[in-house]
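Take a look at the structure below.
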Amino acid sequence: MEKDNVCINCYEMLDKIAGKLGLSEPETGLLSRPRRSYTFSFPVIMDDSKVKIFTGYRIQFNNARGPTKGGIRFHPEVDLEEIKTLAFLMTLKCAVINVPFGGAKGGVVVNPKKHSKGEMERISRAYMRELYRFIGPNTDIPAPDVNTNPQVMAWMLDEYERVTGQHAPGVITGKPLELGGSHVRGISTSLGGYFVLKEVLKQFGMKEENTKAVVQGFGNAGMNIAKILHKNKFKVIAVSDSRGGIYDENGLQIEKVIEHKEDKKSVQDFANAKNIANEELLELECDVLVLAALEDQITKENAGKVKAKMILELANRPIMPEADEILASRTVPVIPDILANAGGVVVSYFEWVQNATNYYWTEDYVLKKLEEYMTKAAKELEMACSSYKCIMREGLYISAINKILQAERLRGVLK
Ligand code: NAD
Numbered sequence: 278m279e280k281d282n283v284c285i286n287c288y289e290m291l292d293k294i295a296g297k298l299g300l301s302e303p304e305t306g307l308l309s310r311p312r313r314s315y316t317f318s319f320p321v322i323m324d325d326s327k328v329k330i331f332t333g334y335r336i337q338f339n340n341a342r343g344p345t346k347g348g349i350r351f352h353p354e355v356d357l358e359e360i361k362t363l364a365f366l367m368t369l370k371c372a373v374i375n376v377p378f379g380g381a382k383g384g385v386v387v388n389p390k391k392h393s394k395g396e397m398e399r400i401s402r403a404y405m406r407e408l409y410r411f412i413g414p415n416t417d418i419p420a421p422d423v424n425t426n427p428q429v430m431a432w433m434l435d436e437y438e439r440v441t442g443q444h445a446p447g448v449i450t451g452k453p454l455e456l457g458g459s460h461v462r463g464i465s466t467s468l469g470g471y472f473v474l475k476e477v478l479k480q481f482g483m484k485e486e487n488t489k490a491v492v493q494g495f496g497n498a499g500m501n502i503a504k505i506l507h508k509n510k511f512k513v514i515a516v517s518d519s520r521g522g523i524y525d526e527n528g529l530q531i532e533k534v535i536e537h538k539e540d541k542k543s544v545q546d547f548a549n550a551k552n553i554a555n556e557e558l559l560e561l562e563c564d565v566l567v568l569a570a571l572e573d574q575i576t577k578e579n580a581g582k583v584k585a586k587m588i589l590e591l592a593n594r595p596i597m598p599e600a601d602e603i604l605a606s607r608t609v610p611v612i613p614d615i616l617a618n619a620g621g622v623v624v625s626y627f628e629w630v631q632n633a634t635n636y637y638w639t640e641d642y643v644l645k646k647l648e649e650y651m652t653k654a655a656k657e658l659e660m661a662c663s664s665y666k667c668i669m670r671e672g673l674y675i676s677a678i679n680k681i682l683q684a685e686r687l688r689g690v691l692k
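For the sequence shown, the numbering used here begins at 278 and goes up steadily by one.
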């Protein structure tokens, strides 16, 4: 396998699994290279009437199990390599969670904080004008990711429908409810993570009540899981955002922390809690550490200092491979991102099904089906880990890779 096909983290894991499963060269080739990769340069008129050229990407990694599916990220440092890695992980995620999709990912190199709402709308629409001919409800279905939201999806849907002249709500998920979105989508990632955690705690003989949780990151994923854990009687003893963290050994009143964050734009300086540094939060003694901020947060430098009994990776790739090994040698179980944060993809799938049938589900029904999908995947994971005698990340990769390769074989793509 060539090292630049997917990022080094995934490459190493893929290599290990390829050895373990005895995969052939065409099999590893299919798993390590994207089927299609697009780079776009597009002009957008700014508020001061000057024209700025933006770069956007879309990778359709593998479509053996169904149309490709994956979010669109707006970030100043996004690049093709990162998008490729995330598209690969989406391919695994859809297989792990048993939804009939392949994997994709997209991105635009832009810092949304530096643009007005009008500029963001024009950037979103211009990106879609480049992308539209390569996507569709049965081809490739984008969704929100970091710095994109239901409003951005609504602009992109509208642009897609204008240029194609069709009503096609199923071309994009994560839309507002009024435009064919699904109930629960806003909290689906966090709720899905909670359902998986609930099942894994059960497998480890641990109870939810008074389980001490620490949450890194207080954005969409982190804030919602803190809220859900608190509601389900976990003791959330610390949370953090980019400016720093707060700690209260008796458990934080999360609703109040949310109000405080809305008011002060940071969780820090919350009444009756102690301010702590971001690095300190990762080393707190607790039962569950939820990583819900960014990539590469647990490194070989701090992995040895983590005192959590279990880690839930709600963010994508928050643990570096060397750190993963250190945690495994210390027998700290890690519930990997491709399962832990797959709730968003599951509800995206439900949204797509609702769009295709023009029949819309109730909130209770979506909640019930989400729990069903997440719990089933967590049970399958336990089976994969016990049959292959491996840690959870390896078990998930093995189970996903087996499903993808089986689909390729049935299509006659592989022998
Ligand atoms: P977000 O931008 O809403 O929130 C990120 C949060 O992390 C912010 O509160 C930010 O202040 C905080 N943060 C940044 N650096 C930090 C640091 N060093 N220490 C502590 N906090 C820090 O993003 P999000 O949507 O919540 O996504 C977070 C992660 O979850 C990303 O990796 C994303 O890919 C992944 N994810 C999110 C979703 C979703 O539906 N939101 C779905 C799948 C995966």
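Beta carbons: idealized from backbone N, C-alpha and C, even for Gly. Since the structure is predicted, the reported quantities are computational estimates derived from the model, not experimental observations.
Asked	Found
Continuous beta strand (DSSP E) stretch holding residue 630: start and end	Counting along the chain, residue 630 falls outside any beta strand (DSSP E), though it belongs to the alpha helix (DSSP H) covering 620-634.
The region 448-457 / the region 416-424 touching (three or more Cβ pairs under 8 Å)	yes
Residue 493 - partner residues in DSSP beta bridges	517 and 568
Start and end residues, beta strand (DSSP E) containing residue 420	417-421
Cα-Cα separation between residue 549 and residue 308, rounded to whole angstroms	51 Å
Cα-Cα separation between residue 586 and residue 384, rounded to whole angstroms	35 Å
DSSP-derived helix/strand/coil call for residue 434	helix
Residue from 399, 542, 395 and 434 whose Cα sits closest to the Cα of residue 414	434
First through last residue of the beta strand (DSSP E) which encompasses residue 552	551-553
Residues bridged to residue 662 [DSSP beta-bridge criterion]	For residue 662, which the question treats as bridged, DSSP gives no partner whatsoever.
Closer than 7 Å: residue 423 CB and nearest ligand 1 heavy atom	yes
Of the residues 297, 355 and 290, the one placed nearest residue 664, counting alpha carbons only	297
Any non-hydrogen atom of ligand 1 closer than 7 Å to residue 549 Cβ	no
Residue 627, buried or exposed, once every other Cβ within 10 Å from all chains shown has been counted against 16	buried
Any non-hydrogen atom of ligand 1 within 7 Å of residue 683 CB	no
Exposure of residue 606, with buried meaning 16 or more beta-carbon neighbours within 10 Å	exposed
Segments assigned alpha helix (DSSP H), at least 4 residues, entirely inside the region 339-415	357-373 and 394-408
The region 634-653 / the region 570-581 touching (three or more Cβ pairs under 8 Å)	no
Inter-residue Cα distance where the pair is residue 591 and residue 386	23 Å
Minimum length 4: unbroken alpha helix (DSSP H) runs contained in the region 520-551	531-541
Cβ-based neighbour list, residue 246, same chain, cut-off 7 Å, excluding 5 preceding and 5 following	Summary: the structure shown does not reach residue 246, with the chain confined to residues 278 through 692, and so no result is reported for it.
Element boundaries [beta strand (DSSP E), containing residue 589]	585-590
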